[in-house]
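Asks: Numbering (my numbering), first residue to last: 6 to 216. Where is the CB? At the ideal position from N, CA and C, for every residue including glycine. Structure below; questions to follow.
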Amino acid sequence: MKRTLIQSLVWILILVFSGCATVYTAPDLQPVAQSKSIAILPFDVKVQYNRLPKNVTLEQIHENEQELSFVMQSQMYNRFLQKNHQFPVSFQDVDMTNMMLKRNNIDIEKLSEFSKDELARLLEVDEVISGSVLTTKPMSTGAAVALGILFNVWGSTNQADVTVSLHSGNDSKLLWKFNHVYSGSVGSSPDQLTKAMMKPIARKFPYRKKS
Numbered sequence: 006m007k008r009t010l011i012q013s014l015v016w017i018l019i020l021v022f023s024g025c026a027t028v029y030t031a032p033d034l035q036p037v038a039q040s041k042s043i044a045i046l047p048f049d050v051k052v053q054y055n056r057l058p059k060n061v062t063l064e065q066i067h068e069n070e071q072e073l074s075f076v077m078q079s080q081m082y083n084r085f086l087q088k089n090h091q092f093p094v095s096f097q098d099v100d101m102t103n104m105m106l107k108r109n110n111i112d113i114e115k116l117s118e119f120s121k122d123e124l125a126r127l128l129e130v131d132e133v134i135s136g137s138v139l140t141t142k143p144m145s146t147g148a149a150v151a152l153g154i155l156f157n158v159w160g161s162t163n164q165a166d167v168t169v170s171l172h173s174g175n176d177s178k179l180l181w182k183f184n185h186v187y188s189g190s191v192g193s194s195p196d197q198l199t200k201a202m203m204k205p206i207a208r209k210f211p212y213r214k215k216s
């Protein structure tokens with residue numbers, strides 16, 4: 006059941022674009038003068054249902070939200086590494102990030118209790134990237150949702166609202182923010198979603214080497 010549920014939650018993350026991404030860059034953001042270190046935090050993942058699928062509990066959904074949090078974090082780190090030649094910054098290994106968080110008794114649910122500069126100091130980096138994914142499955146009945154889980158049949162109302170932010174490790178100032186809503190009926194995986202995300206992110210990320 007767990008494998009089926011995590012697959013269904015993953016497939017809710019959609020790759021069909023609906024409109025253009027919204028990107029904010031701080032007007033006074035300076036180009037990188039020297040190498041900066043950046044940590045990528047576990048994502049904040051929320052999955053919403055009008056009604057719970059049959060035989061699925063809130064605890065199971067919460068467990069899979071946490072699993073997806075680390076999957077999305079790892080996938081984004083891997084994508085940045087693949088494009089590493091484009092960026093004059095270094096990205097902290099996510100295993101190191103998560104180990105240092107665990108060592109300080111900070112789990113996913115406690116991340117919001119710390120400012121970004123507190124987390125940066127704890128992780129010994131210059132800046133931090135945080136992300137959130139809110140998926141909605143506004144189907145009318147639990148049976149309809151269960152059908153989607155069993156047969157991977159999803160309607161055109163699937164939606165994933167993705168936000169990725171970069172904050173300063175000195176004063177928690179928002180330096181850059183990417184937001185996009187993905188919707189449609191195409192099944193996807195975390196790898197496919199981050200691949201789609203990284204295309205505009207790589208183009209708009211504030212620290213890029215000049216061609």
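Buried or exposed: Pro47, going by 16 or more other Cβ atoms within 10 Å of its Cβ?
Replies: The residue labelled residue 47 in the question sits at position 42 within the sequence shown. Looking at its Cβ environment, which holds 16 or more other Cβ atoms inside 10 Å, Pro47 is buried.
Asks: Taking Ser79 as part of the alpha helix (DSSP H), name the residues at either end of that continuous run.
Replies: Residue numbering aside, residue 79 sits at position 74 when the sequence shown is read from its first letter. Unbroken alpha helix (DSSP H) run through Ser79: Leu63 to Gln87.
Asks: To the nearest angstrom, how far is it from the Cα of His172 to the Cα of Asn89?
Replies: The sequence position of residue 172 within the sequence shown is 167, counting from 1. The sequence position of residue 89 within the sequence shown is 84, counting from 1. Using only the alpha carbons, I get a separation of about 20 angstroms.
Asks: To the nearest angstrom, how far is it from the Cα of Lys41 to the Cα of Asn60?
Replies: Along the sequence shown, one-based indexing puts residue 41 at 36. Along the sequence shown, one-based indexing puts residue 60 at 55. Rounded to whole angstroms, Lys41 to Asn60 spans 47 angstroms at the Cα level.
Asks: Alpha carbon to alpha carbon, what distance is there between Glu114 and Phe124?
Replies: Residue numbering aside, residue 124 sits at position 119 when the sequence shown is read from its first letter. Residue numbering aside, residue 114 sits at position 109 when the sequence shown is read from its first letter. It should be pointed out that residue 124 corresponds to Leu in this sequence rather than to Phe. Between Leu124 and Glu114, the C-alpha separation is close to 14 angstroms.
Asks: Should Ser135 go down as buried or exposed, given a rule of 16 or more other Cβ atoms within 10 Å for buried?
Replies: Position 130 of the sequence shown, counted from the start, is the residue given in the question as residue 135. Ser135 comes out buried.
Asks: Flag this pair as yes or no: are the beta carbons of Ser137 and Ser177 separated by less than 8 angstroms?
Replies: Your numbering for residue 137 matches position 132 in the sequence shown. Your numbering for residue 177 matches position 172 in the sequence shown. Taking 8 angstroms as the Cβ cut-off, Ser137 and Ser177 do not qualify as a contacting pair.
Asks: So what does DSSP say about Ile111, is it helix, strand or coil?
Replies: Residue numbering aside, residue 111 sits at position 106 when the sequence shown is read from its first letter. Coil, per DSSP.
Asks: Report the option in Glu70, Glu64, Gln91 and Ala44 whose CA atom is closest to the CA atom of Tyr82.
Replies: Along the sequence shown, read from residue 1 onward, the residue named residue 82 stands at position 77. Closest option to Tyr82, Cα to Cα, is Ala44.
Asks: Can you tell me whether Ser145 is helix, strand or coil according to DSSP?
Replies: Position 140 of the sequence shown, counted from the first residue, corresponds to residue 145. Below a pLDDT of 50, predicted positions are generally treated as unreliable, and Ser145, at 33, falls in that range; the measurement from the model is reported next regardless. Ser145: coil per DSSP, three-state reduction.
Asks: What residue range does the beta strand (DSSP E) around Asp49 cover?
Replies: In the sequence shown, counting from the first residue as 1, residue 49 sits at position 44. Where Asp49 is concerned, the enclosing beta strand (DSSP E) stretches over Asp49 to Tyr54.
Asks: Pick helix, strand or coil for Ala207, following the three-state DSSP scheme.
Replies: Counting from one through the sequence shown, the residue named residue 207 turns up at place 202. Helix.
Asks: What does the alpha-carbon distance come out to for the pair Lys214 and Glu72?
Replies: As a first step, residue 214 must be located in the sequence shown, where it is residue number 209. As a first step, residue 72 must be located in the sequence shown, where it is residue number 67. Their Cα atoms are separated by approximately 33 angstroms.
Asks: Enumerate in chain order the residues of its own chain whose CB-to-CB distance from Leu128 is below 7 angstroms, with the five nearest sequence positions on each side excluded.
Replies: Reading the sequence shown from its first residue, position 123 is the one you call residue 128. Closer than 7 angstroms at Cβ, skipping near neighbours: Ala44, Gln97, Thr102 and Met105.
Asks: Please report the distance separating the alpha-carbon of Ile206 from that of Leu63.
Replies: Within the sequence shown, the letter at position 201 stands for residue 206. Within the sequence shown, the letter at position 58 stands for residue 63. Cα to Cα, Ile206 sits roughly 33 angstroms from Leu63.
Asks: Taking Thr30 as the reference, give the member of Val99, Ser170 and Tyr187 with the closest Cα.
Replies: On the sequence shown, position 25 is the one that residue 30 refers to. Checked all of Val99, Ser170 and Tyr187; the closest Cα to Thr30 is Ser170.
Asks: Excluding the 5 residues preceding and the 5 following Val256 in the sequence, name in chain order all residues of the same chain whose CB lies nearer than 7 angstroms to its CB.
Replies: Any answer about residue 256 is impossible in this case: the structure gives the chain only from 6 up to 216.
Asks: Tell whether a beta-carbon distance below 8 angstroms holds between Gln78 and Val99.
Replies: Reading the sequence shown from its first residue, position 73 is the one you call residue 78. Reading the sequence shown from its first residue, position 94 is the one you call residue 99. Yes, the pair counts as a contact, with Cβ atoms nearer than the cut-off.
Asks: Per DSSP, what kind of secondary structure is Leu171 in: helix, strand or coil?
Replies: Along the sequence shown, read from residue 1 onward, the residue named residue 171 stands at position 166. DSSP places Leu171 in strand when its eight states are reduced to three.
Asks: Hey, how far is the Cα of Asp166 from the Cα of Val28?
Replies: The sequence position of residue 166 within the sequence shown is 161, counting from 1. The sequence position of residue 28 within the sequence shown is 23, counting from 1. Computed Cα separation, rounded: 14 angstroms.
Asks: Can you tell me whether Leu86 is buried or exposed, with buried defined as 16 or more other CB within 10 angstroms of its CB?
Replies: Counting from one through the sequence shown, the residue named residue 86 turns up at place 81. With fewer than 16 other Cβ atoms within 10 Å, it is exposed.
Asks: So, helix, strand or coil for Ala219, using DSSP?
Replies: Outside the shown range of the chain (6 to 216) lies residue 219, about which nothing can therefore be said.
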